[in-house]
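S.K.:
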Amino acid sequence: MSLDPASSIAACQRRLVDLQTFQLPRLRTCTGPIGLLHELAEEMRTDLATAQRSLEMSREIAESAREREMYLSKVNEMEQQLDQIRLDYRQALVASKRAMASGARTKRHELLASSAGDTEPMGVGVSATSPRTKSTSEDDALQTKTNEVTDALRRTTTLMQAELEKSVLSVQMLDESTRSLHLTQTLYDNYTSLLGTSAQLVKAIERADWYDRLLIFAAFALFLLTVGWVIKRRVLDKVLGGVGWWFGGSWKLVRMGLGRSTTTAVAPTALAAAGATGVKAVSALHGTQASSDRAAPNVKWTGDIESARIPVPVESAVMTTNAPSADKAETIRDEL
0 MSLDPASSIA ACQRRLVDLQ TFQLPRLRTC TGPIGLLHEL AEEMRTDLAT AQRSLEMSRE
60 IAESAREREM YLSKVNEMEQ QLDQIRLDYR QALVASKRAM ASGARTKRHE LLASSAGDTE
120 PMGVGVSATS PRTKSTSEDD ALQTKTNEVT DALRRTTTLM QAELEKSVLS VQMLDESTRS
180 LHLTQTLYDN YTSLLGTSAQ LVKAIERADW YDRLLIFAAF ALFLLTVGWV IKRRVLDKVL
240 GGVGWWFGGS WKLVRMGLGR STTTAVAPTA LAAAGATGVK AVSALHGTQA SSDRAAPNVK
300 WTGDIESARI PVPVESAVMT TNAPSADKAE TIRDEL
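Residues in the sequence shown are numbered from 0 upward in steps of one, following numbering that gives the first Met the number 0.
1. Could you check the C-alpha separation between Ser179 and Ala48 for me, to the nearest Å?
2. What residue range is occupied by the uninterrupted alpha helix (DSSP H) comprising Arg44?
3. How should Arg58 be labelled, buried or exposed, when 16 other C-beta atoms within 10 angstroms of its C-beta is the threshold for buried?
4. Helix or strand or just coil, what does DSSP make of Thr30?
5. Would the beta-carbon of Asp87 fall within 8 Å of that of Leu23?
6. By the DSSP assignment, the alpha helix (DSSP H) with Gln19 in it spans what residues?
7. Could you tell me which of His37, Ile230, Asp17 sits nearest to Asn352, measuring between CA atoms?
8. How big is the Cα-Cα spacing for Met56 and Ser176?
9. Would you report the Cα separation of Val311 and Trp244, rounded to the nearest angstrom?
10. Please state if the CB of Leu26 and the CB of Leu92 are separated by a distance shorter than 8 Å.
11. Do Ser53 and Arg14 have their C-beta atoms closer together than 8 Å?
12. Using only the alpha-carbon positions, how far apart do Ala12 and Gln142 sit?
13. Would a C-beta distance cut-off of 8 Å place Ser101 and Cys29 closer than the cut-off?
14. Tell whether a beta-carbon distance below 8 Å holds between Met77 and Ile33.
15. Can you list, in chain order, the residues of its chain whose CB lies under 7 Å from that of Leu39, leaving out five sequence neighbours each side?
16. Can you tell which of Ala5, Lys231, Phe222 has the C-alpha that lies nearest to the C-alpha of Glu62?
17. When you compare only the Cα positions, how much space is there between Tyr210 and Gly195?
18. If you draw a straight line from the C-alpha of Glu68 to the C-alpha of Ala9, how long is it?
19. Quick check: the Cα distance between Arg150 and Gln160, rounded to an integer number of angstroms?
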């Protein structure tokens, strides 16, 4: 994961501040021993190289950032500061070596002065020199152990500083990862809400589609019923009604002809009288005009008034074996 230019530049700035405010004064005031001076010089040289690499990495990051000019100006300032720290490092190293040399000369002068001022008798001198030599050897051993402890502490400090830098970088990377995870979580939440809204829209569209289908089917069924009703009223009722009326009338005629076994033929005069009487009765019951009925005197009516609506010619009357008589004519007249 790439670091932020601001965080990288801030880390370089902290390193340069540490070099300038802590390590340079420590190196400048070092007066020995020589091992401590070499350790401090090596530590500062390593930190300078690390700072140089950090600045180069910061420059690469700044060149790919949006605010390129601002970051590059900061990197240039830190490079100038690093050059000044290098110069101060050399001067501090020289000053430390001079201080160590001066301290060594001072110690030699003190030793020479102490040895020259020792003018006591031999016995007393021997007795006085012996404790001084013993004390010097003890001081050297103590100094050696102190140097070893100091070196160990310095190495520990260096390791702790390196681990601290690693921890800082790890924290920065964790912060970047946390921000990325928050952004990803936000995007997932937006996608989840979008999918939920889409599902609701799809369900609403499906319901509307079903309603539209039901309406279309209902309208189509109503259309078919309307067409069927129109066809029935305009075609079937007229055709089948006429056919049924024809066959029904014919059947009534046949039934009337077969069911009246006592019907006889009457004389033309009696049939005319009966026809006239029947026409009057039919006109009275059905409200028809009597003049139109009187126009057909030679018509024979058979059956009762309700069923005898169809005139039958005299020539098609059924003849029986019974002789015509006035009583039969009266009977027919009464039935009509």
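Backbone N, C-alpha and C define an ideal beta-carbon position, used for all residues, glycine too.
M.R.: The answer reads as follows:
1. Position 180 of the sequence shown, counting from 1, holds the residue named residue 179. Position 49 of the sequence shown, counting from 1, holds the residue named residue 48. Distance between the alpha carbons of Ser179 and Ala48 is about 32 Å.
2. To locate residue 44, count along the sequence shown from 1; it is residue 45. Where Arg44 is concerned, the enclosing alpha helix (DSSP H) stretches over 33-62.
3. In the sequence shown, the residue the question calls residue 58 occupies position 59. Residue burial is scored here from C-beta neighbours: Arg58 has at least 16 other C-beta atoms within 10 angstroms and is therefore classed as buried.
4. Within the sequence shown, residue 30 is the residue found at index 31, counting from 1. Thr30: coil per DSSP, three-state reduction.
5. Sequence index remark: in the sequence shown, residue 87 carries index 88 (1-based). Sequence index remark: in the sequence shown, residue 23 carries index 24 (1-based). Their beta carbons are under 8 Å apart, which means Asp87 touches Leu23 by this criterion.
6. In the sequence shown, residue 19 corresponds to position 20, counting from 1. Looking at the DSSP string, Gln19 is not in any alpha helix (DSSP H), and its letter there is neither H nor E.
7. There is simply no residue 352 to check, as the chain begins at 0 and stops at 335 in what is shown.
8. Residue mapping note: residue 56 aligns to position 57 of the sequence shown, counting from 1. Residue mapping note: residue 176 aligns to position 177 of the sequence shown, counting from 1. The alpha-carbon atoms of Met56 and Ser176 are separated by roughly 20 Å.
9. Mapped onto the sequence shown, residue 311 falls at position 312. Mapped onto the sequence shown, residue 244 falls at position 245. Here the model assigns Val311 a pLDDT of 45, short of 50, so the residue's position is not dependable, and the following value carries that caveat. Looking at the backbone, the Cα of Val311 and that of Trp244 are separated by about 18 Å.
10. Here residue 92 is taken as the residue at index 93 of the sequence shown, counted from 1. Here residue 26 is taken as the residue at index 27 of the sequence shown, counted from 1. Their beta carbons are under 8 Å apart, which means Leu92 touches Leu26 by this criterion.
11. Start at 1 with the first residue of the sequence shown, and residue 53 comes out as number 54. Start at 1 with the first residue of the sequence shown, and residue 14 comes out as number 15. Between Ser53 and Arg14, the C-beta spacing is below 8 Å.
12. If you number the sequence shown from 1, residue 12 lands on position 13. If you number the sequence shown from 1, residue 142 lands on position 143. This sequence places Gln at residue 12; Ala is not what is there. About 37 Å.
13. Mapped onto the sequence shown, residue 101 falls at position 102. Mapped onto the sequence shown, residue 29 falls at position 30. Result no, Cβ atoms of Ser101 and Cys29 do not sit closer than 8 Å.
14. Residue mapping note: residue 77 aligns to position 78 of the sequence shown, counting from 1. Residue mapping note: residue 33 aligns to position 34 of the sequence shown, counting from 1. Taking C-beta atoms as the reference points, Met77 and Ile33 fail to come closer than 8 Å.
15. Start at 1 with the first residue of the sequence shown, and residue 39 comes out as number 40. Excluding positions up to five away in sequence, the list reads Arg25, Leu26, Cys29.
16. To locate residue 62, count along the sequence shown from 1; it is residue 63. Of the residues Ala5, Lys231, Phe222, the one whose Cα lies closest to the Cα of Glu62 is Ala5.
17. The residue labelled residue 210 in the question sits at position 211 within the sequence shown. The residue labelled residue 195 in the question sits at position 196 within the sequence shown. Each residue's alpha carbon lies about 23 Å from the other.
18. On the sequence shown, residue 68 is found 69 positions in, with the first residue counted as 1. On the sequence shown, residue 9 is found 10 positions in, with the first residue counted as 1. Answer to the nearest angstrom: the Cα atoms are 16 Å apart.
19. What you label residue 150 is simply residue 151 of the sequence shown in a count that begins at 1. What you label residue 160 is simply residue 161 of the sequence shown in a count that begins at 1. As written in the sequence, residue 150 is Asp, which differs from the Arg given in the question. Distance between the alpha carbons of Asp150 and Gln160 is about 15 Å.
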